[in-house]
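Have a look at the structure below, then the notes.
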Ligand code: HEM
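In our numbering, the protein residues as written are 888 to 1118.
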């Protein structure tokens, strides 16, 4: 039998894991993606779009890419819920696909379905979302990255694209959440749900790593959009 004094001291990695176990997932996600968030905000496509240096077609192209991404994200949400393990993290009021479809109909016309083209980076992002299967951890990483972004900076994006490109409300409904009356308390509830997921420290670290992948996939998509739409 091993007594306490005979036990080897924990390796530094174990100590680090123990310390990380105190960090709520929502905070670990914010800290773990902070640097990439700054990089994404500073990408040429994002900056040019926000500054009014592009045109409506650039905003439309972004909406097209989002159709593919949110279709896969929301199908993952359905799978997670159907498997019975969503831990109340799948919110119907966040569903974006019908809004994107409405926006595209306004922007591209009734035959919009024949006119959408997904970029290679979008296809890679979509495949990663399909690969989430019904795993709530992987879904959480991707849902956090997109929905909390839409509820935060997305609201700024909406105002800027409306102002610069004269877009009517019917073309930017992606950024509207009519069933969510106050965004800040909703985001707080979302973070509480993330923090309540029954995950150990290693599993939480894996969620943060997957969110970093999600940010990289967004950055790759902005890079390709930036190559097509230059200010
Ligand atoms: C024009 C570009 C962007 C602007 C101006 C912007 C702005 C912001 C702001 C101000 C917040 C903080 C809101 C708060 O404290 O409640 C925020 C949070 C967030 N943004 Fe962005 N953002 C941009 C792009 C992005 C992109 C490209 C993504 C990822 C695809 C993203 C994902 C997020 C996430 C996940 C949060 C929540 C952070 C947290 O509290 O954990 N943002 N954004």
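We treat Cβ as the ideally placed atom computed from N, Cα and C, and that holds for glycine.
### Query
CA-CA distance, residue 1097 and residue 1024?
Cα atoms of residue 1097 and residue 1024: separation of roughly 9 angstroms, rounded to the nearest angstrom.
### Query
Beta carbon of residue 1107: closer than 7 angstroms to some heavy atom of the ligand HEM?
No, since every heavy atom of the ligand HEM falls outside the 7 angstroms radius drawn around the Cβ of residue 1107.
### Query
Are the beta-carbon atoms belonging to residue 1105 and residue 927 less than 8 angstroms from one another?
Contact: yes.
### Message
Let's test the definition: count the other Cβ atoms within 10 Å of the Cβ of residue 885 and tell me whether it reaches 16, buried, or not, exposed.
### Response
There is no way to answer for residue 885, as the model of the chain reaches only from 888 to 1118.
### Query
When every heavy atom of the ligand HEM is checked, does at least one fall within less than 7 angstroms of the C-beta of residue 1017?
Because no heavy atom of the ligand HEM lies under 7 angstroms away, the Cβ of residue 1017 does not count as near it: no.
### Query
For residue 970, which three-state DSSP category applies?
Three-state DSSP puts residue 970 in coil, outside helix and strand.
### Beta-carbon spacing of residue 945, residue 994 below 8 angstroms
Cβ atoms of residue 945 and residue 994: not closer than 8 angstroms.
#### Entry: Burial state of residue 965, where buried means 16 or more other Cβ atoms lie within 10 Å
That one is exposed.
### Message
How far does the alpha helix (DSSP H) with residue 1034 in it extend, from its first residue to its last?
### Response
Residue 1034: not part of any alpha helix (DSSP H); DSSP gives it neither H nor E.
### Query
For residue 1004, is the beta carbon positioned less than 7 angstroms from some heavy atom of the ligand HEM?
False, no ligand heavy atom lies under 7 angstroms from that Cβ.
### Task
With a 10 Å radius around its C-beta and 16 neighbouring C-beta atoms as the bar for buried, classify residue 1010 as buried or exposed.
Under this definition residue 1010 is an exposed residue.
### Message
Can you list, in chain order, the residues of its chain with a C-beta nearer than 7 angstroms to that of residue 987? Leave out the 5 residues immediately preceding and following it.
### Response
For residue 987, where only same-chain residues beyond five positions count, the Cβ hits under 7 angstroms are 950, 953, 954, 957 and 1061.
### Query
Would you call the region 973-985 and the region 1071-1083 touching, i.e. three or more CB-CB distances under 8 angstroms?
Contact between the region 973-985 and the region 1071-1083 is present: three or more C-beta pairs spanning the two stretches fall below 8 angstroms.
### Query
What residue ranges within the region 924-967 form continuous beta strand (DSSP E) runs of no fewer than 3 residues, ordered along the chain?
Secondary structure in the region 924-967: no beta strand (DSSP E) run of 3 residues or longer lies completely within the stretch.
### Task
Tell me whether the beta-carbon of residue 1016 lies closer than 8 angstroms to the beta-carbon of residue 1029.
In this structure, residue 1029 lies closer than 8 angstroms to residue 1016 by Cβ.
### Query
Is residue 1033 near the ligand HEM, with its Cβ less than 7 angstroms from a heavy atom?
Under cutoff, so the answer is yes.
### Query
Going straight from the alpha carbon of residue 982 to that of residue 967, what length do you get?
Rounded to whole angstroms, residue 982 and residue 967 show a C-alpha spacing of 15 angstroms.
### Message
Just checking residue 838 against the ligand HEM - is the residue's beta carbon closer than 7 angstroms to any of the ligand's heavy atoms?
### Response
Summary: the structure shown does not reach residue 838, with the chain confined to residues 888 through 1118, and so no result is reported for it.
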